[in-house]
Every structure is written in C-alpha cells, then in structure tokens.
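Peer 1: Here the sequence shown is numbered in the working numbering, starting from 758 and rising by one per residue. Using N, Cα and C, we set each Cβ at its ideal position, and we do this for glycine too.
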Amino acid sequence: MLIIGLDPGLGCTGWGVIAAAGNRLSHVANGQIRTDPKQALPARLVRLEEELGRVIDAHTPAAAAVEEVFLNENPQSTLKLGQARGVVVLAVARRGIAVGEYAARLVKKAVVGVGGAEKAQVHAMVQRLLPGVPIAGPDAADALAVAITHAHHLASRRALGNAA
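#1: Can you tell me where the beta strand (DSSP E) holding residue 810 begins and where it ends?
#2: For residue 776 versus residue 759, is the C-beta distance shorter than 8 Å?
#3: Can you list, in chain order, the residues of its chain with a C-beta nearer than 7 Å to that of residue 818? Leave out the 5 residues immediately preceding and following it.
#4: Helix, strand or coil for residue 793 per DSSP?
#5: Regarding residue 831 and the ligand GTP, is the C-beta to nearest heavy atom distance less than 7 Å?
#6: Tell me the DSSP secondary structure of residue 855 in three-state form.
#7: Tell me whether residue 766 sits in a helix, a strand or coil according to DSSP, three-state version.
#8: Are the region 850-869 and the region 809-826 touching, with three or more C-beta to C-beta distances below 8 Å?
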C-alpha cells in the first residue's frame with residue numbers, strides 16, 4: 758500500500774510517499790513544495806494545490822496522512838498554516854483518498870519515541886527507518902515521519918481487527 762505523508766505549510770509543504778507491506782516500509786519519493794512569499798495568498802494556495810495534485814496523481818497513494826495544525830505565538834501564522842492545511846486536505850480528499858490526521862507530538866513519539874523531539878531527531882530517525890534515502894529537507898523528513906506513523910497505525914488497526 759502506498760501512503761503519502763504531508764507536512765503542510767504555506768511557505769513550504771513537505772511530502773513523502775512510502776510503500777507499506779505488513780511491517781516493512783520502503784521509500785518511494787519525497788520532496789517539498791515551495792510558494793513565493795511575494796505572491797498574494799490566493800495565488801500561493803492555488804500553486805500549492807496544483808503542485809500537490811501533480812505529486813498525488815504521479816504516485817496514486819491509497820492512503821494519506823496530514824500533520825495537524827499547532828498553535829503559533831503569532832495568530833496570523835496559525836491562520837495561514839490552517840489555510841495551507843485546508844488546501845492540502847482538499848487536494849487529497851478531492852481524489853477520494855482517506856486522510857488520517859496526527860498531532861505533531863504523536864508523530865514524534867511514534868518515530869523518535871519522545872513527543873518533544875527536535876526536527877533534527879525526527880530527520881535522523883527517518884533516515885534510520887528508510888536507510889540510504891536522500892531526503893529533500895526538514896519538511897520532507899517530517900512528511901515521511903507522518904506517513905510512517907500512519908503506516909504503523911493502519912497495521913495496528915488491521916492486527917486488532919484480525920484478533921477480534
């Protein structure tokens with residue numbers, strides 16, 4: 758099963774696609790979508806949706822997972838992040854793909870073992886779990902971590918369903 762993980766952001770949205778077969782995970786692709794801060798918000802959101810749509814259409818994942826919005830000290834930043842996240846969820850849902858949503862602390866705990874892990878620790882663990890993979894940047898590493906978390910949660914649900 759192909760899973761796309763997404764780390765939404767207005768300036769940079771990270772994405773990562775993994776293949777999950779039972780407990781085995783393998784890297785398919787990862788990258789970052791950047792928008793031009795000089796452009797108006799609507800134009801940036803359109804670019805984000807178009808570029809993400811191309812990624813989803815190229816890889817045709819069966820499942821998706823998105824990191825939830827966290828509160829920034831700056832309310833404007835939180836609102837912009839929420840708008841970017843809305844576009845990301847829309848791009849996935851428009852293609853009929855179910856979306857799992859995970860808090861950043863849960864993703865960090867699932868991948869690193871500590872909910873308060875730093876970005877560098879997440880990046881390092883993703884590299885351990887997907888050895889030899891060139892990661893496009895910190896947002897792509899976070900997106901791969903979201904996909905890994907979703908893969909583990911899906912496997913756990915299947916195992917529990919089979920046990921019942």
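Peer 2: Reading it off the structure:
#1: Residue mapping note: residue 810 aligns to position 53 of the sequence shown, counting from 1. Element bounds for residue 810: not the beta strand (DSSP E) but the alpha helix (DSSP H), 798-816.
#2: By one-based count along the sequence shown, residue 776 stands at place 19. By one-based count along the sequence shown, residue 759 stands at place 2. Yes. Within cutoff.
#3: Mapped onto the sequence shown, residue 818 falls at position 61. So the qualifying residues of the chain are 759, 760, 761, 774, 854.
#4: By one-based count along the sequence shown, residue 793 stands at place 36. Residue 793: coil per DSSP, three-state reduction.
#5: Although the ligand GTP was asked about, the structure shown includes no ligands whatsoever.
#6: Locating residue 855 in the sequence shown gives position 98, where the first residue counts as 1. DSSP places residue 855 in coil when its eight states are reduced to three.
#7: In the sequence shown, the residue the question calls residue 766 occupies position 9. Note: residue 766 maps to coil in three-state DSSP.
#8: As far as the Cβ criterion goes, the region 850-869 touches the region 809-826, which means the pair count is three or higher.
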